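Asks:
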Amino acid sequence: MYSSIKLRFCCLSDVGKCRDNNEDNYIVGLVKSNEIDFYKINNPFTLQVQEFEINQNQSAVFGLADGMGGANAGEVASQIAMNTLELKVREFGKIPKSDNERVLFLQDIILKAHQNILKEAKHDTSKKGMGTTAVLSAMTTEGLTVSWSGDSRFYALSSKSLDNKDHRLNLDRLSLISRDHSLVWDFVEDGEISAEEARVHHLSHVITQSLGSGTEKPNPESRICPISIGEKFLICSDGLNGMLQEAEIEEILMRNSSLNETLHELINKANEAGGYDNITLILIEIIDLVESIDMNHGHSNIMATTASQPLSFQRKKRSKSNIFLLVGLIASIIYLSNFLVQNTKADIISKWNALIQDKKIIDTVVTKSMEDGSKDNIIESMTKVIEKDTYINKSENILDVPPIQSKLINKGNEIKQEDNVLIKPLKNSIVPRIIQSTNVDSLLDNHDSLEIDTSKKF
Numbered sequence: 001m002y003s004s005i006k007l008r009f010c011c012l013s014d015v016g017k018c019r020d021n022n023e024d025n026y027i028v029g030l031v032k033s034n035e036i037d038f039y040k041i042n043n044p045f046t047l048q049v050q051e052f053e054i055n056q057n058q059s060a061v062f063g064l065a066d067g068m069g070g071a072n073a074g075e076v077a078s079q080i081a082m083n084t085l086e087l088k089v090r091e092f093g094k095i096p097k098s099d100n101e102r103v104l105f106l107q108d109i110i111l112k113a114h115q116n117i118l119k120e121a122k123h124d125t126s127k128k129g130m131g132t133t134a135v136l137s138a139m140t141t142e143g144l145t146v147s148w149s150g151d152s153r154f155y156a157l158s159s160k161s162l163d164n165k166d167h168r169l170n171l172d173r174l175s176l177i178s179r180d181h182s183l184v185w186d187f188v189e190d191g192e193i194s195a196e197e198a199r200v201h202h203l204s205h206v207i208t209q210s211l212g213s214g215t216e217k218p219n220p221e222s223r224i225c226p227i228s229i230g231e232k233f234l235i236c237s238d239g240l241n242g243m244l245q246e247a248e249i250e251e252i253l254m255r256n257s258s259l260n261e262t263l264h265e266l267i268n269k270a271n272e273a274g275g276y277d278n279i280t281l282i283l284i285e286i287i288d289l290v291e292s293i294d295m296n297h298g299h300s301n302i303m304a305t306t307a308s309q310p311l312s313f314q315r316k317k318r319s320k321s322n323i324f325l326l327v328g329l330i331a332s333i334i335y336l337s338n339f340l341v342q343n344t345k346a347d348i349i350s351k352w353n354a355l356i357q358d359k360k361i362i363d364t365v366v367t368k369s370m371e372d373g374s375k376d377n378i379i380e381s382m383t384k385v386i387e388k389d390t391y392i393n394k395s396e397n398i399l400d401v402p403p404i405q406s407k408l409i410n411k412g413n414e415i416k417q418e419d420n421v422l423i424k425p426l427k428n429s430i431v432p433r434i435i436q437s438t439n440v441d442s443l444l445d446n447h448d449s450l451e452i453d454t455s456k457k458f
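In UniProt numbering, the protein residues as written are 1 to 458.
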């Protein structure tokens, strides 16, 4: 807990090089003892550097939203999210004091904004399908609380080298407070691919939750963090981190430039790298703080709540609709089922490998069973058991499933079969995190094994 926190902040938003309109939004609220001031995105989308002191009677809130939907009014969705933050703060009149209350307060705003977006889309059907990410943060004398849904980010730059580096970024001073709600980021969290591999992955823009989704309400996460003098916090839409490596972001933040110069440098670099998306930034710097006598309260760098990662997801920005992805997956399953029935083993291998290469999808694990040790093998069931890193690997990256009973190969399991074939998850490929099942009876005759080349990494 702190007696006072003095900070300065600056905001900047840019349409980028490839878009006609800006679907991002930001808002800053300064809650004082007798009034509340809000600063919103404007034209030319700049909020100049300001200073503010947080004390027992004053606090601050920051919000950033990255709209999606294109013609379906992504900018409307992001504006609704920021307006909801303002309305809830004004209605409550202050920021809650305790950690748990602040977490619930911010998460409730995200859920309320989600409802407001759905309500507006129902009222005006031309806006159906609009959605947005959201990152909300509140700073009080208790510390910093961050809540988010989607893949917009909240970074922290320490004033000195980190004792415990962020294993996802592995940088000297930069860490990521939030974590993306996206398909590829789960693999980064597990150490299976790097943050840079996730950044350039062709599925990097597929998010697993957002505000405005008609199928799943958001399940926001929150984090409570301590604060130190000289620390900087960067809130950004993925128009920044989608263009720049974290090492580049860290290097620019570490310069002794003004906040305004720093934000312009980040946006210029992102545009030089392509500027494929809107770029919106909020930069906060802690310039002074006074610690209270009792420092045992409010100093936990913990996850206050954990999102459940809903299975439905929404393709964002460059591919706005999830329909094409889902149709592609379903078509792949149907296609596989049909050619399993109709083709020889050689044809199966050839077509399967072509499917992997052409569609960039590995999404079925086939296991076989044998009746009474007979050489007449039958696939009694084909079970699609797709989940994160559900793969089978043997030497030379060949999937060779012996005649065993069909079973779910769980993450991390190693199964030793009677013929001493070691089956374990393959760590160098990734797949959409969906679980579905298909059962097909009496498929394939007279095939002792099924070999599938899984050596391709994509």
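Every residue gets a Cβ at the ideal spot worked out from N, C-alpha and C, and that includes glycine.
Here the structure is a predicted model, which means the values were calculated and not measured.
What are the partner residues of residue 131, as DSSP defines its beta bridges?
Replies: 68.
Asks: Mind checking whether residue 46 and residue 12 have CB atoms under 9 Å apart?
Replies: Yes, the pair counts as a contact, with Cβ atoms nearer than the cut-off.
Asks: Given 8 Å as the limit, is there contact between the stretch 17-26 and the stretch 272-288, that is, 3 or more CB pairs closer than that?
Replies: With the cut-off at 8 Å, the stretch 17-26 and the stretch 272-288 touch.
Asks: With DSSP run on the structure shown, which of helix, strand or coil describes residue 90?
Replies: If DSSP states are grouped into helix, strand and coil, residue 90 belongs with the helices.
Asks: Less than 6 Å between C-beta atoms, sequence neighbours within five positions excluded: which residues of the same chain meet that for residue 146?
Replies: 137, 154, 177, 223.
Asks: Quick check on residue 138: does DSSP put it in helix, strand or coil?
Replies: Three-state result, residue 138: strand.
Asks: From 211, 241, 104, pick the residue whose C-alpha is nearest to that of residue 197; which is it?
Replies: Considering only alpha carbons, the answer is 241.
Asks: Output needed for residue 233: all residues of its chain with C-beta closer than 6 Å, excluding positions within five of it in sequence on either side, in chain order.
Replies: Taken in chain order, the residues that qualify are 156, 284.
Asks: Are the beta-carbon atoms of residue 210 and residue 158 separated by less than 9 Å?
Replies: No, these two residues do not count as a Cβ contact at 9 Å.
Asks: Can the beta-carbon of residue 74 be found closer than 9 Å to that of residue 67?
Replies: Contact flag set, yes.
Asks: Is residue 49 helix, strand or coil when you go by DSSP?
Replies: In this structure, residue 49 counts as strand in the three-state DSSP scheme.
Asks: Since residue 77 and residue 117 should fall inside the 8 Å C-beta cutoff, what is the C-beta to C-beta distance between them, to a whole number of angstroms?
Replies: Between residue 117 and residue 77 the Cβ distance is about 5 Å, and since that is below 8 Å, they are a contact.
Asks: Less than 9 Å between the beta carbons of residue 253 and residue 270, yes or no?
Replies: No, they are not a contact pair.
Asks: What is the residue span of the alpha helix (DSSP H) that residue 117 lies within?
Replies: Residues 99-123.
Asks: Could you say if the stretch 77-86 and the stretch 101-113 meet the contact criterion of at least three C-beta pairs nearer than 8 Å?
Replies: Segments in contact, yes.
Asks: For the stretch 173-197, list the alpha helix (DSSP H) runs that are entirely contained and at least 4 residues long, ordered along the chain.
Replies: Within the stretch 173-197, the complete alpha helix (DSSP H) runs of at least 4 residues are 185-189.
Asks: From this set, 230, 266, 258, which residue's C-alpha is nearest residue 246's C-alpha?
Replies: Ranking 230, 266, 258 by Cα distance to residue 246 puts 266 first.
Asks: In the DSSP assignment, find the unbroken alpha helix (DSSP H) run with residue 166 in it and report its ends.
Replies: Unbroken run through residue 166: none, as it is neither H nor E.
Asks: Can you tell me the Cα-Cα spacing of residue 358 and residue 199, whole angstroms?
Replies: With a pLDDT of 40 at residue 358, under the threshold of 50, the modelled position of that residue is not reliable, and no figure is offered here.
Asks: What is the C-beta distance between residue 150 and residue 212, in whole angstroms, given that I count them as a contact (C-beta under 8 Å)?
Replies: About 10 Å; that fails the 8 Å criterion.
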